[in-house]
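Undergrad:
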Amino acid sequence: MPKIHTRWLVLIGAILGRLAFGFEFQSLAMVAPGISRDLAVDPTGIGVLVGLFMLPGVVLALPGGFLGQRFGERPILILGFALMIAGALICALAESYAGLFVGRLVAGVGGVLNTIFMSKLVIDWFAEHELNTAMAILLTGYPVGLALALSTLGYWATPEAWPLAQFTVAFVCLVSLGGFLASHRPAPVASQTTGSLRLSRREIGMVSLAGAIWALFNGAFIIMLSFVPGFLISVGYQSGTAGQLVSIVTWAAMVAVPLGGFAADRLGRPALIVVGGCLIWAGGLALIEPWSGSVLLLSVLFVITSLAAAPPSGPLVSLPAEVLEPSHRAAGMGLFYSWFYLGVTLAPMLAGASIEQTGDTAAPITLAVILVLVALCCFVTFRLLRRGQE
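Throughout, the numbering used here is defined as the position within the sequence shown, counted from one, plus 3.
1) Select from 322, 64, 180, 70 the residue whose C-alpha is nearest the C-alpha of residue 21.
2) Does residue 234 pass the burial test, meaning 16 or more other C-beta atoms within 10 Å, or should it be called exposed?
3) Mind the definition here: the segment 142-151 touches the segment 353-372 only if three or more C-beta pairs lie below 8 Å; say whether that holds.
4) Roughly how many angstroms separate the alpha carbons of residue 124 and residue 42, rounded to a whole number?
5) Looking only at its chain, what residues have a beta carbon closer than 7 Å to the beta carbon of residue 259, apart from the 5 residues adjacent to it on each side?
6) How should residue 136 be labelled, buried or exposed, when 16 other C-beta atoms within 10 angstroms of its C-beta is the threshold for buried?
7) Going by DSSP in three states, residue 136 sits in which element: helix, strand or coil?
8) Alpha carbon to alpha carbon, how far is residue 117 from residue 194? Give it in angstroms, no decimals.
9) Following the continuous alpha helix (DSSP H) through residue 185, name the residue where it begins and the one where it ends.
10) Does the distance from the C-beta atom of residue 55 to that of residue 104 stay below 9 Å?
11) Determine the extent of the alpha helix (DSSP H) in which residue 122 is found, giving its start and end residues.
12) Three-state secondary structure (DSSP) at residue 292?
13) Using only alpha-carbon positions, find the residue among 249, 321, 301 that is nearest to residue 277.
14) Would you call the segment 216-231 and the segment 378-385 touching, i.e. three or more CB-CB distances under 8 Å?
15) To which residues of the same chain is residue 389 closer than 8 Å at the C-beta, ignoring the five residues directly before and after it?
16) Out of 318, 295, 38, 165, which one is the CA nearest neighbour of residue 133?
17) Can you give me the C-alpha to C-alpha distance between residue 196 and residue 337, rounded to a whole angstrom?
18) Under the rule that 16 or more other beta-carbon atoms within 10 Å means buried, what is residue 174, buried or exposed?
19) So residue 231 packs on residue 249, CB below 8 Å; how close in whole Å?
20) Determine the closest residue to residue 255 out of 304, 242, 113, with distance taken between C-alpha atoms.
21) Any idea if residue 50 is buried or exposed, counting beta-carbon neighbours within 10 angstroms, 16 or more meaning buried?
22) Just the Cα atoms here: how many angstroms apart are residue 203 and residue 244?
23) For the pair the segment 148-163 and the segment 62-80, tell me if three or more CB-CB distances fall below 8 Å.
24) Around the Cβ of residue 171, are there at least 16 other Cβ atoms within 10 angstroms (buried) or fewer (exposed)?
25) Would the beta-carbon of residue 340 fall within 9 Å of that of residue 148?
26) Applying the criterion that 16 or more other CB atoms from any shown protein chain within 10 Å of the CB defines a buried residue, is residue 64 buried or exposed?
27) In or out: residue 130 buried (at least 16 other Cβ within 10 Å) or exposed?
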């Protein structure tokens, strides 16, 4: 098969993996009412179970990266899928909160491996060709998985039927594993197990900076999705209306993310996409409170904000490829995603604390603006350092 066809086939398999990740992450929240009534789990307990899926990444992303560098991505990705399937089955068969806890933790470990090595696999294949486009397309697999879970699993949110949702998750992960096995090909670069396992100081510093940018960027996005609805409700909107307004961001992002990657590759100016997108996004966030009195203005604002915020995703997640040796990509992506998981864990906590400290439901929006601007400053620093190294 021609190499150009092979790399797009590999990308399809990777997208299926990210879709399964998003589907499993959202699955428990969709059937939470049934779990609560069946196993007497309170809302705090449900929140812990939802967050458990991401928590392992804080401590396992870096060692997982070194593990993959030692053994190669194929066996580690198979292990990741197996853990995601096992976690879903444990949840489906759980008869207590402890069983659900273990299942989500096991699935989360598999999800960490999925995240790191699907990204590394795509970088290996697209490092010299359309990398921003490929990484942006890969990122869309996650929201597609979320959307599929949102649109299908809610029908099973009853005490009797909620385990069926987890069996469905296991099936989706199994199908995704089959797609990965059918599409996977060894990358045409020496990035598997050759070379030293140790990253250079330059790689550690630059990848950490890239990871901090990605963590700040995603932290701001999570705050926007999680806390803007609460602000809108506090100023008089119905909960359904607030949710629908903010959902505009998610749907628009599913289109804007791949378009941003494509534009970055076609124009050859990824920095322009990042700087322009972040500035418009920060400005849009700052306008939410003064424009909150009009549904029409907010709708337009959320569309514009999403179309600005989403396009930098591809160029930002591609940054590690600029500084990592091919043989160090597995460990490097583990380091990169360690920062990501730390950011998405801390950002909601800081947002909640900002409300407690100020008593203002708009405080998280201000925090999100700050995170976007700090991410932009870090990106400019990254570009200046890269220019000095060339």
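Beta carbons are placed, not taken as given, at the ideal position from N, Cα and C, and that holds for glycine.
TA: Concretely, from the data shown:
1) 180
2) buried
3) no
4) 40 Å
5) 309, 310, 313, 314
6) buried
7) helix
8) Note on residue 194: pLDDT 47, under 50, position unreliable in the model; the coordinate value appears next. Straight-line Cα distance between these residues: approximately 17 Å.
9) 165-186
10) yes
11) 100-129
12) coil
13) 321
14) yes
15) 209, 325, 326
16) 318
17) Because the pLDDT of residue 196 is 48, which lies under 50, any placement of that residue in the model is unreliable, and the question is left without a value.
18) exposed
19) 5 Å
20) 304
21) exposed
22) 51 Å
23) no
24) buried
25) no
26) buried
27) buried
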